Each structure stands twice: as structure tokens, then as C-alpha cells.
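> Sending over a structure as C-alpha cells; questions will come in a sec.
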Amino acid sequence: MAAQGPGSPERAQAARPSDQGEPARRYYTHRQILEILSGLMMAMLTAMISTSVISTALPTIVGELGGQDQLSWVASAALLTMTASTPLWGKLSDIFGRKLMFQSALLLFVLASVGGGLSQNIGQLIAARACQGLGVGGLSALAQVILGDVVEPRQRGRYAGYMGATFGVATVAGPLLGGFIVDADALGWRWCFYVCVPLAVIAFLVIQRVLKLPKVRRDTRLDVFGAVTITGAATAVMLLLSMGGQQFAWASRWTGLLLGATALLLVLAVFAERGARDPILPPRLFRNRTFVLASLTSVCIGVAMFGGMIYMPQYLQVVKGMSPTASGLMTLPLVLGMLATSTGSGQLVTRTGRYKIFPVLGLVFVGASMLLLSRLHVGSSELLIGADLAVLGVGLGLTLQILILAAQNAAAPEDLASTTSGVSFFRSLGGAMGVAAFGAILSNRLAAELADGLRAAHVAPPAGGGELGSPDQIAALPEPFKHIVLTAFTNALESVFTVGIPIAVLGFLAALALKELPLRGSSGRGGTSAPASAAAPAPAPAPEPVPAPPTLSDIPVVTGREQELVTVAAGGPPDGRPAAVNEMSPNGASPPGPPAGGGMERSEPADARGGGVPVQGVVRSAEGAAVASAALTLIGVDGHQLARAITRPDGRYALPTPGPGTYVLIAATGEHEPQAATVVVGDRPVDFDLVLAGNGGLGGTVRGAGGVPITNAMVVITDVRGEVVGTGRTDASGHYAFRDVMSGSYTLAVSAAAHRPVAVPVEVTGGGQHRVDVDMPPGARVRGTVRTAAGEPIGEARVTLVDAAGNAVAMAITGPDGEYAFTDLAAGRYTVIASGYPPVATGLALSGTGADGHDLTLGYPDE
1 MAAQGPGSPE RAQAARPSDQ GEPARRYYTH RQILEILSGL MMAMLTAMIS TSVISTALPT
61 IVGELGGQDQ LSWVASAALL TMTASTPLWG KLSDIFGRKL MFQSALLLFV LASVGGGLSQ
121 NIGQLIAARA CQGLGVGGLS ALAQVILGDV VEPRQRGRYA GYMGATFGVA TVAGPLLGGF
181 IVDADALGWR WCFYVCVPLA VIAFLVIQRV LKLPKVRRDT RLDVFGAVTI TGAATAVMLL
241 LSMGGQQFAW ASRWTGLLLG ATALLLVLAV FAERGARDPI LPPRLFRNRT FVLASLTSVC
301 IGVAMFGGMI YMPQYLQVVK GMSPTASGLM TLPLVLGMLA TSTGSGQLVT RTGRYKIFPV
361 LGLVFVGASM LLLSRLHVGS SELLIGADLA VLGVGLGLTL QILILAAQNA AAPEDLASTT
421 SGVSFFRSLG GAMGVAAFGA ILSNRLAAEL ADGLRAAHVA PPAGGGELGS PDQIAALPEP
481 FKHIVLTAFT NALESVFTVG IPIAVLGFLA ALALKELPLR GSSGRGGTSA PASAAAPAPA
541 PAPEPVPAPP TLSDIPVVTG REQELVTVAA GGPPDGRPAA VNEMSPNGAS PPGPPAGGGM
601 ERSEPADARG GGVPVQGVVR SAEGAAVASA ALTLIGVDGH QLARAITRPD GRYALPTPGP
661 GTYVLIAATG EHEPQAATVV VGDRPVDFDL VLAGNGGLGG TVRGAGGVPI TNAMVVITDV
721 RGEVVGTGRT DASGHYAFRD VMSGSYTLAV SAAAHRPVAV PVEVTGGGQH RVDVDMPPGA
781 RVRGTVRTAA GEPIGEARVT LVDAAGNAVA MAITGPDGEY AFTDLAAGRY TVIASGYPPV
841 ATGLALSGTG ADGHDLTLGY PDE
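For the sequence shown, UniProt numbering gives the first residue as 1, with consecutive numbering after it.
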């Protein structure tokens, strides 16, 4: 996988001070994070239950209130408002604070839930669901934003897994709860809305008590015009997908009007966001590759997820004849799959720091589940249905939370809310589009299948037939007509899930294109560890990559349009010893040298197109051999680039000049010293040959105590600017070697397990091998266990090592066995501080290999 270039919007992982005037991120203990997470999870649970609780109750609701043709709008209305409002909630939280807006979303959700339970017709119910979706949009977006505020990215995976598990529980709890409520004679479907109220109130009180975020004052304004245009565009798309083919034909003026309105609103939204001081969705986000790909993948996931959640219960009740409770239980495999993979993937992300593999595998499972679900028929067994749903659950669990984590990790602290709400927006948009489009496909295909089935069987529909009615009414149909209805419904549902297959494939390709960035160690809500370029206005487009202006000792060269990086060649030394192992430099910096593989446009040397008097000649090495693929740049006296070319295999080049004058000609190649020369041009072509001297080499041996060679030690060369020029590892004899190192001053840094790192200055001159041997002192270590007064090990305890000057040298979190360890320490006096209970500090003096068994006892004074 290619590393990110210096100019990438996703680069700059190093910590930097905030330039936004925000305070440093507050540190939260594991206990505090769990308390905050409990409130967020309760809010998310009630919000997600509200979206799925009516799935099993929909047939009963439609049977009582009517409106079979508006069935999809009961779900789509909430998804539409949730989708449209998600970015707005993120921006409002930047202005008024996370806690206030989160509680406001909870309050709005409660009021809308009560309104849904009091609905007297399908129109009132749809309106209440729309208001309910506004609250759900705020809860789903802000829960992720708050989690990003309190947990650093590297640790966020484990907690995001809990959020994903909550989503999975709600997915099965909703249909189960809805089925139980509908089946209970004393309750009725209206309690599907009332049941969410108590849990939402409890979540409100918990958040009020435990959520204490730093007060961050931002000079931020609400982008009203942007909010209106973005919401309007999403609404127009939803109306088109929901009503097309039902209320109006696809080839009608209404389709054209809605398409035109969507295009117009999108154009207005782009202009609004580009000109807004504080846009709802900052345009710079769409120059962030990770954000764009995560959003595209989220759209595909939303389509598959909400489509399966809404329409599978209908299949189970209508075709399989299950009760609402039984159909809810049938979704249990889906949730178990989500629970296992969501929590498991979160833990693995925290331990390994790798996350790309999970959405890639997740989309494979989602696509497979769409294929399996499309093959269901009237006689499919419950075991087969459960297995198909489990595959879908595995895919969703691997994908949902990881996509948000990836986008947050690539965002600047001040863009955290916009990034999180943006990815949530596109996931919800995909869900809303999926429900609407799947609903239209289901209705149109069902009508066609019914008509074909009736004509084939020569069966007249029963009197009063028009809508399918409730599952009980379908079950009571005469047998010939009942079989036709069930077959038609199954065939229509097959079309729904078949459409989901290419959508899952598109999501897989988007996830595959994600570039995995290292997870930062701090969330940075106040100014640490954020991609720098995302925080500032986007730079102007980079010019075509060319060799940089002239310096004789060092000419940095960009390696391509995307500024992807190349590895450093590390050849063997002249004495025949094995070469050091080549590796990508740890910070992704590229070595000086020419472009690798087409980073620079090639020009035909013989033509010197562009007018003016040409400069032409041959580039040779010191031995007289022609130098192919050397990069040449012609610079004017004002420092501007005038022309460039690449030498042919015979070393020849030709460059046009603007006219008579004095110019600087630069030649650079990775295997030779760069050369700059002054060229005086008159009114005739100038023949000018260049000779490039060879680069120097650097090698030596890394030894430990007693002169013992150290195998597999990491050797890194950095230049005077701190950029990595080459990396390698020592061989079995402790040898390392680099060739083609340009003349200049460097720092040679060596690190190895159980030894203290060493850095030495090095001077390299052209032509010849320079030998630098390195002796590494052994590193000391401290190990021990943190226990209670009763001798029980304490997990998740924070242990900090402080040196004699009061500087924090290292920090560790104990595992379940209570153990901690610090390695590669210099001899001297240290203080070990353990916290989690009231802190305990102990002193120790290190020498030799260090100290094992430095145990600590934590407890409260009264224990």
C-alpha cells in the first residue's frame, strides 16, 4: 500500500499545537468513559429501537389505518428527516455545545414518539415519524461525535464496537418488542411509540450527570442556506424514489421536475458551501480521500441494512405466516452476527491499529447476504433464513463503526463533528434511498406479479380486493388466490435483494480503495494529532511534479501527481557483504532523486517544442557513460521554471528557451549527484553537455555489549531537514549498507530490541563508501503487577514512568492480569506512578538490565 505524500489531505499524523485557540483534550479514565458511554448507548438504543420497532407492526398498522400504498413512507419519513438533519446537528453542536444539542435531540425524540402513538390516520403517523427522525438524526450523529471527543483514535475502536453492538441489540430488540406489543391484547401497536419514552428520559438524566466536556468557545455561524439546499436536494431524491412508478410514471413531467430540482439544489448547495464562512459540509472534506470513500461505502451499507431491516419482517409475516413476535425472533441471527463482529473488530482495531480489512470483508459478506436473500422462496426453511440473516449481520458488524473511525482519524479536530455527521448523513441517505427505492420496486413488481398470476390461473380477485391488507387477511384468502399472492410477494422481494447485490459490490470497491492511515494516539479536540491540511483551507492544486529549484547538494523531487512515495534502495557494500533489508521509511518521506515511474511528464528531447532558442546536449556519468532518465529543469534568473525534459536512453536532451539570456540548468537522478550549471543563450542553439558524479555509500556494523553483532536492528538515515532518506535492517552479521547517498550531512539512527536507541551525525561525500560502526548500550526495563490490597490484579490501571527531572518517560495500561512493563530505559532514578484508584508513587534506581517484580498496590484508604 502506498504511503501518503506530504501534500496529501490525509497526511500530517504528527502532533502539533492547536492554532484554533482550543484547550487541550481532557483526559478521561476508563471508568469515566464507560459512564459517558452508558448514556450514549441508552440514547442510541432507544433511537435505533424506534426505527425498527414498527417493522413487525407495519402490517397491523396498515391494516388498521389503511394506506398500503404509503407503507414505505412510514419508514422513509423518519429516514428522510434523519438523513437531512444529520449534518445540521453536527454544526449546531459546534455552536451551542455537544451536551445541549444531544439533550435537545432526546427531547424532540420523546415528543415525536408520543405524537406517533396518538396518531389517528396514516398521514398523522407519517408526520410524527418525520419529527421522530429529526431527533434520531441528532442522537446517532452526536453520539459518535461525543465518543470522538472523549476517546483517542487508537482506543476508539473498542468503544465503537460497543456502539455497534448496541445498534445490533436494537435491531433485534425492536422487531421483538414490536411483535410482543402487537400480539399483546392489552397494549396494541401504539405502544410501539410509547415504549421508547421511558428509556429516552433515563438517557437524558444520565447524560446530564456524567457528560462533562470542556467548554470550547468557537466563533461559528449557522449556514442556513447550505442547510436548506442540502436538505432540499435529499428530499427531492427521496420523493422521486418513493413516488416514481406509483403516484406518477417514471416517464412523466414529475420525474423531470424532481430531477431538475435535485440538480438545481445540488448546484446551489455547492456554491453555498464554498462561499459559507462555516459550511455544514465543508468542501475540503470532499478533497479528503478517506472521507469520500467512507461516505460512498456508507451509502451502500445504508441501502443494504435498512432494506433488510424493513422488508424481511414482511416476508416472514406475509409469506411464512409468522406472528410479529416470531418474525422478530427470526432476526436474532442477524443481531448475533453484528454483536460478535462489531465488538470483535473494535477490539482488534485497538490492539493492532489496522482497520481497512474489516469494511472490505464486511462488504463481501453483505454482498453474499443479498445474493442469498434473493434466493428465498415460499418454501424456504427457517434455518436457511436465519443463516442468510446471520451473514448479513456479520457484514454489517464489520463495517458500520469502522467507517466512522476511519473518517474521524483522517479529520482535523475542528472538523470532527462535520466529518462524523457527514459519514452518518450518507449512511442515512443510503438507507432512505434504499427503503424508498426498494419500496417502489416491491410495489411495482408485486402488482405485475399479481396480474400475471391471476391471468395464468384464470382466477378472479375476491370482492373488495385492492390492497393486500394485514397478514391475517392474506392468510384468510381462498387457497388459489392465497398461493398467487404469496408467490407474487416472494418474487417481488427477490427483485429487491437482487438490486442490492451490485450496490454491495460498489461498496466493496470503495472500501478496497481506502488508504489505511496510522491511528493517532490522541483525539485532538483541542489541538493535538490532527491532519494539518484538513484544518486549514485547502492549498491550491499542486503543479506538475518537477525537480526542485537548484541547490548543488540536495534537490528534493516529487514522485508523482498523487505524491505517492518510493522506497530507498539499499545495496550491498563493495566488500560483498549482504545488503540491508529495504523498507518503506517509517514516516513516509521520500528520498531525494528523480521521479519513480512517470511522476514527471516526458518530453521528446529532439524537438525542443515551445519556440525560442534550444539548449541541447548529452548527460554523462563521470566514467563517460550516457545517463538515461535524468531529469532536467531550466530555471530563469527570477527562479521560475521555464522548461523540463527527461534524457533518452542515449543520454540526449533538448530544452526550449524563451530567447537570448542567462539560465540555470539542473540535472538530477537518483544514482548521481545533482548538478546545476549556468547557460548563456544567444541567437543560435547551444550544445551543452553535463557530467554527473556518482553518489557516495554508507555502511557499517551495529554491535552490542562486548562487541556482539546485533541482528535485525533498524537503521534510519535522515537529512538536515529531518526527512527520512533511507531505512534498512542489519543482517545476521550486524552489517547494514546504503548506496547512492548524496553528499551532505545526515543523522544515522539505530534502534534494536533490548537496547537504547543511538543517533550519530554522519558526513557523506560523493564517490566512495563511508563506514560508520555503531555501539548500542543495553536498555534497562521495569516490570511488575498492579494489585489490590487483597492481592487481586487490577486491569485498566494507568502506570506512568517519570524520570529524575520530572518528565513523563512512558505510560502503560495494565492488562487483565494487572501487569505492566517499560523497556529500553537508560540507567538512573525513576518514579513509577499508578492510578485508577487513588494514585500510588514509588521510586527506584535502574542499572544493568533493570528491575523485575516492581509491584504496586492500589486501594482506597479505608480498604
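Glycine included, every Cβ here is placed at the ideal spot set by N, Cα and C.
If you're wondering where the values come from, they're calculated on a predicted model, not measured in any experiment.
(1) Taking a contact to mean a Cβ-Cβ separation below 7 angstroms, would you say V720 touches S743 in this structure?
(2) Within this structure, are the beta carbons of M370 and F497 separated by less than 7 angstroms?
(3) How is the alpha helix (DSSP H) around Q347 delimited, first residue to last?
(4) If contact is defined by three or more beta carbon pairs under 8 angstroms, each pair taking one atom from either stretch, is the region 798-809 in contact with the region 823-842?
(5) Please work out which residues of its chain come closer than 8 angstroms, Cβ to Cβ, to P793, disregarding the five sequence neighbours upstream and downstream, and give them in chain order.
(6) Does the beta-carbon of L100 have 16 or more other beta-carbons within 10 angstroms, so that it is buried, or is it exposed?
(7) Measure the C-alpha to C-alpha separation of I146 and M776 and round it to an integer number of angstroms.
(8) Kindly indicate which three-state DSSP category Q120 falls into: helix, strand or coil?
(9) In angstroms, rounded to a whole number, what distance separates the CA positions of G464 and G275?
(10) What are the residues that DSSP puts in a beta bridge with H755?
(11) Determine the burial state of A705: buried for a count of at least 16 other Cβ atoms within 10 Å of its Cβ, exposed for fewer.
(12) Based on Cα-Cα distance, which residue from L655, A693 and L58 lies nearest to E673?
(13) Starting from G393, follow the alpha helix (DSSP H) in both directions and report where the run begins and ends.
(14) Beta carbon of G395, beta carbon of F365: below 7 angstroms?
(15) Taking all protein chains shown into account, do 16 or more other C-beta atoms lie within 10 angstroms of the C-beta of F271, making it buried, or fewer, making it exposed?
(16) On the criterion of 16 or more Cβ atoms from any shown chain inside 10 Å, does V62 qualify as buried, or is it exposed?
(17) Look at the alpha carbon of Y653 and the alpha carbon of G226, and state the distance between them as a whole number of angstroms.
(18) May I have the straight-line CA-CA distance separating I301 from Y311, to the nearest angstrom?
(19) Check for me: the beta strand (DSSP E) holding Y653 runs from which residue to which?
(20) How is T46 classed by DSSP in three states: helix, strand or coil?
(21) Using the C-alpha atoms, what's the distance from L634 back to I646?
(22) Can you tell me which residues form a DSSP beta bridge with R829?
(23) Can you give me the Cβ contacts of Q103 inside the same chain, cut-off strictly under 8 angstroms, excluding the 5 residues immediately before and after it?
(24) May I ask you to report which of helix, strand or coil DSSP gives A535?
(25) I need the DSSP call for D803, collapsed to helix, strand or coil.
(26) Taking C-beta to C-beta, are residue 869 and L446 nearer than 7 angstroms?
(27) Unbroken alpha helix (DSSP H) runs of length 4 or more, entirely within the region 622-689: which are they?
(28) What do you reckon, are the CB atoms on V619 and G651 nearer than 7 angstroms?
(29) 7 angstroms is my cut-off, CB to CB: does S369 come that close to chain C?
(30) Output yes or no for whether 7 angstroms exceeds the beta carbon distance between F180 and G117.
(31) Quick check on this structure: which residue in T290, A504, T46 and D223 has the alpha carbon closest to the alpha carbon of D278?
(32) Applying the criterion that 16 or more other CB atoms from any shown protein chain within 10 Å of the CB defines a buried residue, is N712 buried or exposed?
(33) Got a sec, what are the start and stop residues for the beta strand (DSSP E) R190 sits in?
(34) Taking the continuous alpha helix (DSSP H) assigned at R253, which residues delimit it?
(35) Determine the contact status of T139 and A105, defining contact as a CB-CB distance below 7 angstroms.
(36) In whole angstroms, give me the CA-to-CA distance for P660 and S629.
Reading it off the structure:
(1) As a first step, residue 720 is located in the sequence shown; it is residue number 720 there, counting from the start. As a first step, residue 743 is located in the sequence shown; it is residue number 743 there, counting from the start. No Cβ-Cβ contact shorter than 7 angstroms links V720 with S743.
(2) Residue 370 sits at position 370 when you count from the first residue of the sequence shown. Residue 497 sits at position 497 when you count from the first residue of the sequence shown. The criterion of a C-beta distance shorter than 7 angstroms is satisfied by M370 and F497.
(3) If you number the sequence shown from 1, residue 347 lands on position 347. Per DSSP, Q347 belongs to the alpha helix (DSSP H) from L332 to T352.
(4) Output reads yes: the region 798-809 touches the region 823-842.
(5) Position 793 of the sequence shown, counting from 1, holds the residue named residue 793. Cβ within range, chain order: T785, V786, R787, T814, P816, D817, G818 and E819.
(6) Mapped onto the sequence shown, residue 100 falls at position 100. Taking all protein chains in view, the Cβ of L100 is surrounded by fewer than 16 other Cβ atoms within 10 Å, so the residue is classified as exposed.
(7) Here residue 146 refers to the residue found at position 146 when the sequence shown is read from its first residue. Here residue 776 refers to the residue found at position 776 when the sequence shown is read from its first residue. Approximately 45 angstroms, taken between the alpha carbons.
(8) Sequence index remark: in the sequence shown, residue 120 carries index 120 (1-based). In this structure, Q120 counts as coil in the three-state DSSP scheme.
(9) Within the sequence shown, the letter at position 464 stands for residue 464. Within the sequence shown, the letter at position 275 stands for residue 275. With a pLDDT of only 44 at G464, under 50, the local geometry of the prediction cannot be trusted, and the value read off the model is given with reservation. So the two alpha carbons sit approximately 57 angstroms from each other.
(10) Translated into positions along the sequence shown, residue 755 becomes position 755. In DSSP, H755 forms a bridge with P778.
(11) Looking up residue 705 in the sequence shown gives position 705. So A705 ends up on the exposed side.
(12) Here residue 673 refers to the residue found at position 673 when the sequence shown is read from its first residue. Each of L655, A693 and L58 was checked against the Cα of E673, and the nearest Cα belongs to A693.
(13) In the sequence shown, residue 393 corresponds to position 393, counting from 1. DSSP places G393 inside the alpha helix (DSSP H), whose first and last residues are E382 to N409.
(14) As a position in the sequence shown, residue 395 is number 395, starting the count at 1. As a position in the sequence shown, residue 365 is number 365, starting the count at 1. F365 is positioned such that its CB atom lies closer than 7 angstroms to that of G395.
(15) What you label residue 271 is simply residue 271 of the sequence shown in a count that begins at 1. With fewer than 16 other Cβ atoms within 10 Å, it is exposed.
(16) Residue mapping note: residue 62 aligns to position 62 of the sequence shown, counting from 1. By the neighbour-count rule (16 or more Cβ atoms within 10 Å), V62 is buried.
(17) By one-based count along the sequence shown, residue 653 stands at place 653. By one-based count along the sequence shown, residue 226 stands at place 226. Our two residues, Y653 and G226, have alpha carbons roughly 53 angstroms apart in a direct line.
(18) Counting from one through the sequence shown, the residue named residue 301 turns up at place 301. Counting from one through the sequence shown, the residue named residue 311 turns up at place 311. Their Cα atoms are separated by approximately 16 angstroms.
(19) The residue you call residue 653 lines up with position 653 of the sequence shown. Here the beta strand (DSSP E) through Y653 covers R652 to P656.
(20) Counted from its first residue, the sequence shown places residue 46 at position 46. Helix, per DSSP.
(21) Looking up residue 646 in the sequence shown gives position 646. Looking up residue 634 in the sequence shown gives position 634. C-alpha separation (whole angstroms): 12 angstroms.
(22) Here residue 829 corresponds to residue number 829 of the sequence shown, with the count starting at 1. Paired residue(s): A845.
(23) Working through the sequence shown from its first residue, we reach residue 103 at position 103. Excluding sequence neighbours, Q103 sits near F204, I207 and Q208.
(24) Residue mapping note: residue 535 aligns to position 535 of the sequence shown, counting from 1. Note that A535 scores a pLDDT of 36, beneath 50, so its modelled location is shaky; the value from the coordinates is reported in the next line. DSSP, reduced to helix, strand and coil, places A535 within a helical segment of the structure shown.
(25) Residue mapping note: residue 803 aligns to position 803 of the sequence shown, counting from 1. Here D803 sits in strand by DSSP.
(26) Coverage of the chain is limited to positions 1 through 863, which leaves residue 869 absent and any answer about it impossible.
(27) Qualifying alpha helix (DSSP H) stretches: none in this window.
(28) One-based indexing of the sequence shown puts residue 619 at position 619. One-based indexing of the sequence shown puts residue 651 at position 651. In this structure, G651 lies closer than 7 angstroms to V619 by Cβ.
(29) Absent here is chain C; the protein component of the structure consists of one chain.
(30) Within the sequence shown, the letter at position 180 stands for residue 180. Within the sequence shown, the letter at position 117 stands for residue 117. No, the pair does not count as a contact, with Cβ atoms beyond the cut-off.
(31) Residue 278 sits at position 278 when you count from the first residue of the sequence shown. The residue among T290, A504, T46 and D223 with its C-alpha nearest the C-alpha of D278 is D223.
(32) Walking along the sequence shown from the start, residue 712 turns up at place 712. Exposed is the call here.
(33) For this step, residue 190 is matched to residue 190 along the sequence shown. Note, R190: premise wrong, no beta strand (DSSP E); not H, not E.
(34) Looking up residue 253 in the sequence shown gives position 253. If you look at R253, you'll find it in the alpha helix (DSSP H) that goes R253 to G275.
(35) To locate residue 139, count along the sequence shown from 1; it is residue 139. To locate residue 105, count along the sequence shown from 1; it is residue 105. The sequence shown places Leu at residue 139, rather than the Thr named in the question. In this structure, L139 sits near A105, with a CB-CB distance shorter than 7 angstroms.
(36) Taking the sequence shown and counting its residues from 1, one reaches residue 660 at position 660. Taking the sequence shown and counting its residues from 1, one reaches residue 629 at position 629. C-alpha separation (whole angstroms): 27 angstroms.
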